[in-house]
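Below: one structure, written as structure tokens.
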Amino acid sequence: MEYVGTALAEMTMPQISPLNGEPIERADAERLAGVLKALADPARLRLLSLIQSAPEGEACVCDLTAPLGLSQPTVSHHLRILTEAGLLQREKRGVWAYYSLVPSAIATIADLLTPPRKRATKKAR
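Residue 84 in the UniProt record's numbering sits at position 84 of the sequence shown, with consecutive numbering throughout.
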């Protein structure tokens, strides 16, 4: 099994939130902007939703083309962008590739975009 796209939380995400009260470093801002740019597309948001809600929590390109109404090459392009951003992981099984969400990546983005006061309230509940 070959996994691709699992390094977001460890390598690409900044350690400081832009909402933390301290200026974010340029490199961190660029990395975060790259991930947010990958998310800022309706088809990609739908892909994340479709994959997350799939019975096994994973999906093949062949499972995603009809619900999106897009061609296989277009869906593959969007999946590649999400994988390179670290939001999805890809597992190759024979000739097919299956995609699943990287939960830690989604949680990292949520934490980075949640102001510290709200984060403390959320964890206290």
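Glycine residues also receive a C-beta, built at the ideal position from the N, C-alpha and C atoms. Every value quoted in this text rests on a predicted model; they were computed, and no experiment measured them.
Cβ neighbours of Pro67 within its own chain (closer than 6 Å, five residues either side excluded): Leu50. Counting only residues of its own chain and dropping the five nearest sequence neighbours on each side, Trp96 has a CB closer than 6 Å to the CB of Cys60.
Judged by beta-carbon spacing, Tyr99 lies beyond the 7 Å limit of Leu70, meaning their Cβ atoms are not closer than that value. With respect to Val102, Gln89 sits close: the two C-beta atoms are nearer than 7 Å. Note: Gln89 is bridge-paired with Ser100 in the DSSP secondary-structure output. Under DSSP, Cys60 shares a beta bridge with Tyr98.
Within its own chain, the residues whose Cβ lies closer than 7 Å to the Cβ of Leu45, once the five positions on either side in sequence are excluded, are Leu39, listed in chain order. Straight-line spacing of the CA atoms in Ile24 and Leu47 works out to 30 Å.
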